[in-house]
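Student: Below are the structure tokens for one structure; questions will follow.
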Amino acid sequence: MSVQKAGHKNRHKKQGLLFVISGPSGSGKTTLLGKVLLTKVLRRKLAKSISVTTRSQRSGEREGQDYFFISPAEFRRLHKAKKILEWTRYLGYYYGTKKDALEKSLASGRHLALCLDMRGALRLKRLYPKNTVTVFIEPPSLKELRKRIAGRCCQTKPEEIERRVRLAQAELKNSRRYDYVVKNNNLTQAAARLGDIILKEIGDFKTTARCN
Ligand code: ADP
Ligand code: 5GP
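Just so we're aligned: the sequence shown equals residues 0 to 211 in numbering that gives the first Met the number 0.
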């Protein structure tokens with residue numbers, strides 16, 4: 000289920016769009032986007048922006064595909080050199096979007112999907128108001144969210160799970176600041192809804208994203 004809050008008219012036709020996917024940790028951003036990126040209609044049109052982060056790699060995560068895992072010193076160097084377009088600090092770690100890759104993508108007309116927190120979503124909306132579409136992924140409940148965070152990776156410590164759930168409670172209050180809200184109850188339905196939002200925004204009304 001989703002709610003549309005804003006239209007995106009008069010955008011620069013030749014430029015790519017930025018689809019910013021936000022939501023609490025464990026709400027399903029990575030999983031849903033992964034499914035959408037596998038669909039026949041979207042895999043040629045949409046690429047995922049790969050952030051840099053100073054947090055350690057989880058089992059199953061791939062360098063350069065999920066994140067670029069870098070040291071705090073490297074993050075500071077990139078930031079000082081103005082190569083980071085937007086960034087955030089989450090549970091003591093830094094996360095950021097590199098400027099060159101994003102601007103290249105926009106200029107070439109390629110659409111990009113980014114999994115960012117609210118700070119990042121609002122920053123991109125300010126920087127590229129006509130080209131940014133924000134989508135909030137809502138978990139069915141906090142109980143289910145806790146279960147998903149715990150089930151995701153055996154390395155997540157119980158106290159970190161609780162910190163992520165506490166942050167989620169605050170994040171859920173801000174869902175109205177997004178263009179769309181997608182509830183991630185049933186995975187297949189939520190992925191199809193996210194795919195349909197993206198197709199609608201890029202102007203491909205005729206097709207539907209089939210996410211199995
Ligand atoms: P995020 O990227 O928002 O932090 P993930 O995509 O890593 O969240 O999802 C967290 C966990 O929840 C993963 O183990 C994923 O497989 C699971 N998950 C995601 N969506 C659903 C869903 N609709 N039903 C059940 N499990 C889900
Ligand atoms: P995680 O550790 O669960 O992968 O990510 C923690 C939080 O950081 C999530 O809300 C995620 O969307 C956000 N995040 C990841 N990369 C970036 C980024 O480059 N910029 C911003 N602003 N947030 C990010």
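Even for Gly, the Cβ is constructed at its ideal location relative to N, Cα and C. Please read these numbers as outputs of a predicted model, since none were measured by experiment.
1) Would DSSP call ILE160 helix, strand or coil?
2) Report the residue from PHE18, PRO23, GLU85, LEU121 whose alpha carbon sits nearest the alpha carbon of LEU141.
3) Would you decide whether GLY59 is buried or exposed? Buried here means 16 or more other CB atoms lie within 10 Å of its CB.
4) Apart from the five residues on each side of it in sequence, which residues of its chain come closer than 8 angstroms, Cβ to Cβ, to TYR92?
5) Is any heavy atom of ligand 1 found at a distance shorter than 7 angstroms from the C-beta of ARG118?
6) Look up SER21 in the DSSP assignment and say whether it is helix, strand or coil.
7) Could you tell me whether the Cβ atoms of THR133 and VAL40 are closer together than 8 angstroms?
8) Excluding the 5 residues preceding and the 5 following LEU32 in the sequence, name in chain order all residues of the same chain whose CB lies nearer than 8 angstroms to its CB.
9) Between LYS13 and GLY108, is the Cβ-Cβ spacing less than 8 angstroms?
10) Is GLU85 near ligand 2 - that is, is its Cβ less than 7 angstroms away from at least one heavy atom of it?
11) Would you decide whether PRO71 is buried or exposed? Buried here means 16 or more other CB atoms lie within 10 Å of its CB.
12) In whole angstroms, what is the alpha-carbon distance linking ALA190 and LYS82?
13) At a cut-off of 7 angstroms, is THR52 close to ligand 2 when judged by its beta-carbon and the heavy atoms of the ligand?
14) Quick one, which of LEU123, VAL180, LEU36, ARG165 has its alpha-carbon nearest PHE135's?
15) Thinking C-alpha only, which one of GLU62, LEU84, PRO139, ILE197 is nearest LYS97?
16) Alpha helix (DSSP H) containing ARG192: first to last residue?
17) Select from GLU137, VAL35, SER104 the residue whose C-alpha is nearest the C-alpha of ALA169.
18) CB of LYS142 to nearest heavy atom of ligand 1: below 7 angstroms?
19) In this structure, how does DSSP classify VAL2 when only helix, strand and coil are distinguished?
20) Considering only the beta carbon of each residue, do ILE201 and VAL35 sit closer than 8 angstroms?
21) Taking ARG88 as part of the alpha helix (DSSP H), name the residues at either end of that continuous run.
Tutor: Working from what's here:
1) Assignment of ILE160 by DSSP, reduced to helix, strand and coil, places it in the helix class.
2) When C-alpha distances from LEU141 are compared across PHE18, PRO23, GLU85, LEU121, the shortest belongs to PRO23.
3) Label assigned to GLY59: exposed.
4) The beta carbon of TYR92 is closer than 8 angstroms to those of THR52, THR53, ARG54 in its chain, skipping five residues each way along the sequence.
5) No, the beta carbon of ARG118 sits no closer than 7 angstroms to any heavy atom of ligand 1.
6) Strand at SER21.
7) It is not a contact, given that the beta carbons lie outside the stated cut-off.
8) The answer, listed in chain order, is ILE20, LYS47, ALA112, CYS114, LEU193.
9) Yes, the Cβ-Cβ distance between LYS13 and GLY108 is below 8 angstroms.
10) For ligand 2, at least one heavy atom lies less than 7 angstroms from the Cβ of GLU85.
11) When all chains shown are included, PRO71 counts as exposed.
12) The straight-line gap from Cα to Cα measures roughly 32 angstroms.
13) At a cut-off of 7 angstroms, the beta-carbon of THR52 counts as near ligand 2: some heavy atom of the ligand is closer than that.
14) Nearest in C-alpha terms to PHE135, of all of LEU123, VAL180, LEU36, ARG165, is VAL180.
15) Out of GLU62, LEU84, PRO139, ILE197, LEU84 has the C-alpha closest to the C-alpha of LYS97.
16) Counting along the chain, ARG192 sits inside the alpha helix (DSSP H) bounded by residues 186-200.
17) Residue nearest to ALA169 within the set GLU137, VAL35, SER104 is GLU137 (criterion: CA-CA distance).
18) Incorrect: LYS142 has no Cβ contact closer than 7 angstroms to ligand 1.
19) At VAL2 the pLDDT is 47, less than 50, meaning the model places this residue with poor confidence and gives no usable figure here.
20) Not closer than 8 angstroms, so no.
21) No alpha helix (DSSP H) holds ARG88; the beta strand (DSSP E) holding it covers 83-89.
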